[in-house]
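S.K.: Take the sequence shown: its position 84, counting from 1, is numbered 113 in my numbering, and each next residue is one higher.
Ideal Cβ placement from N, Cα and C applies to all residues, glycine included.
Computed from a predicted structure; not experimentally measured.
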Amino acid sequence: MSRYAQAHENTKGPGDARPTALQIIDDEGLTGKLSDKVFIVTGVSSGIGIETMRALYATGGHVFGTVRNVEKGQKVVDEIKANTQGGKITLIEMDLESLASIKKGAESFLQQSDKLNILIGNAGVMATPEGKTKDGFETQFGTCHVSHFYLFQLLKDTLLKSSTPEFPSRVVSVSSIGHRAGGIRFDDYNFSKPGSYEPWTAYGQAKTANIYFANELERRYGSKGLHATSLHPGGIFTGLMQHLDAEQTAGWSTPEILNYMKNPEQGAATTEWANKGGKYLSKIVEQGPWDPRDRSQPTSIDHDGYETWAYDEENEKRLWKDSLKMTGLEDDQ
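1. Kindly list the residues whose CB is nearer than 6 Å to the CB of R97, restricted to its own chain and excluding five residues on each side of it in sequence; keep chain order.
2. Does the segment 92 to 107 come close enough to the segment 119 to 137 to have 3 or more Cβ pairs within less than 8 Å?
3. From the DSSP output, which residues share a beta bridge with A257?
4. Identify whether V110 lies in helix, strand or coil by the three-state DSSP scheme.
5. How about F242 and D351: are their beta carbons less than 9 Å apart?
6. Please state the DSSP three-state secondary structure of F166.
7. Can you say whether S176 is buried or exposed, counting buried as having 16 or more other CB atoms within 10 angstroms of its CB?
8. Can you list, in chain order, the residues of its chain whose CB lies under 6 Å from that of G160, leaving out five sequence neighbours each side?
9. Hey, is the segment 200 to 218 in contact with the segment 240 to 258, meaning 3+ C-beta pairs nearer than 8 Å?
10. Since L260 and Y309 should fall inside the 8 Å C-beta cutoff, what is the C-beta to C-beta distance between them, to a whole number of angstroms?
11. Does DSSP put L188 in a helix, in a strand, or in coil?
12. Around the Cβ of K163, are there at least 16 other Cβ atoms within 10 angstroms (buried) or fewer (exposed)?
13. Starting from E343, trace the alpha helix (DSSP H) in both directions and tell me its first and last residue.
14. Does the Cβ-Cβ distance between D20 and I149 come in under 9 Å?
15. What's the C-alpha gap between F220 and Y226?
16. Using the Cβ count rule (16 or more neighbours within 10 Å means buried), how would you classify Q114?
17. Counting beta carbon pairs with one atom in the segment 32 to 41 and one in the segment 62 to 71, are three or more of them shorter than 8 Å?
18. Identify whether Y218 lies in helix, strand or coil by the three-state DSSP scheme.
19. Mark A129 as exposed unless 16 or more other C-beta atoms lie within 10 angstroms of its C-beta, in which case mark it buried.
20. Taking 8 Å as the line, does the beta carbon of M355 fall inside it for any heavy atom of the ligand NAD?
21. Quick check on this structure: which residue in K62, R347, T40 has the alpha carbon closest to the alpha carbon of G116?
22. For a test of the three-state rule: what should DSSP assign to K161, helix, strand or coil?
23. When the Cα of S17 is compared with those of E136, E195, Q234, which residue comes out closest?
24. I'd like to confirm the pairing. Which residues does DSSP put opposite P48 in its beta bridges?
25. For A152, tell me which candidate among P158, P194, T81 has the shortest Cα-Cα distance.
26. Does the separation of the CB atoms of V200 and F181 fall below 9 Å?
27. What is the DSSP secondary structure of L59, reduced to helix, strand or coil?
28. Taking the beta strand (DSSP E) that I213 belongs to, which residues open and close that run?
29. Report all residues from its chain with a CB closer than 7 Å to the CB of T230; omit the five preceding and five following residues, and keep chain order.
30. Suppose you measure from the CA of Y250 to the CA of Y335; what does that come to, to the nearest Å?
31. Compare the Cα-Cα distances from P194 to each of K222, K253, K236, S137 and report the closest residue.
32. Helix, strand or coil for I335, going by three-state DSSP, please let me know.
33. For E342, count neighbouring C-beta atoms within 10 Å of its own C-beta (all shown protein chains included) and say buried if the count is 16 or more, exposed if not.
34. Do A135 and L183 have their CB atoms nearer than 9 Å?
35. Find the nearest neighbour of T337 within the set S142, Y218, W319, judged by alpha-carbon distance.
Laid out in structure tokens, this is it:
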């Protein structure tokens, strides 16, 4: 049982007893202890990306944070350095809606470091209006999944060679209970069929893809010292909600939901979880299945379990191979 299990009972909303990422770093005795480690976190200019970067910075390691807007990102870095003791932070300009920008950012990182211990795919969008990335992918699928898949492939060799028995390399794929809104549309990833686009269904596909990515990554590279986990960080009021209309936002204001929500510091906590890979996590523990038909379970908002399709080896392999084709890469197995 997690030492934080009790804190996740009878929650009282943002800032309650649930741990923050910094608290977990301190509880694990990692503050200032990882000065020889290198991390990458995508999307560090807002939301839980800020707090994930802060916590990793506190370990004494070198954190590379990706941002679209370097000026905005630098303000975050300045704030972190002013209020937290730590190692080093380097920003890398990267637009996750562009494979060319991702490649340029990865090359910039590799010019600055020959080591990478942890890659955290944090950046994402939610319930966006219908649209496409610069490479023609549906906006949510392209930003949340294809971008991180491609970035991983560009950095894979460095992650593998950086792994040691004492500190295996890791990839953390930030998903969501939103994956329960829909599985993978293998026949139409990009909602190209007229009238087929629905924001939450597209979000569900993107977040399911985040889980599949981690599961297949673990299957392929876990025995080589490179592990992967996926997670639901919890409900957090951040810029991720910018595309919700007034009616949807009002629906998030019930006492039940408000008590469930976390602040960004708490939302970043599960990202710091370290253990064997291929697991879907939330509340800093591995989650079991969620069955909305099971009346003995808590309600959907406070039960963070996974949908039936979250573990599917055949579909995980299929998505991986299709993602290689999407990014113009060859399989290494």
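M.R.: Considering the structure as presented:
1. D124
2. yes
3. V200
4. Position check: residue 110 holds Lys in this sequence, whereas Val was assumed. The answer is helix: DSSP assigns K110 an H, G or I state.
5. no
6. coil
7. buried
8. T168
9. yes
10. 7 Å
11. helix
12. exposed
13. 342 to 355
14. Past the boundaries of the shown model lies residue 20; the chain is included only from 30 to 362, so the question cannot be answered.
15. 5 Å
16. exposed
17. no
18. coil
19. exposed
20. Ligands displayed in this structure: none; no statement on the ligand NAD is therefore possible.
21. K62
22. strand
23. The first residue shown for the chain is 30 and the last is 362, placing residue 17 beyond what the model contains.
24. Per DSSP, none; premise fails for P48.
25. T81
26. yes
27. coil
28. Element bounds for I213: n/a, residue is neither H nor E.
29. A210, G211
30. 23 Å
31. K253
32. For the sequence presented, residue 335 should be read as Tyr rather than Ile. Note: Y335 maps to strand in three-state DSSP.
33. exposed
34. yes
35. W319
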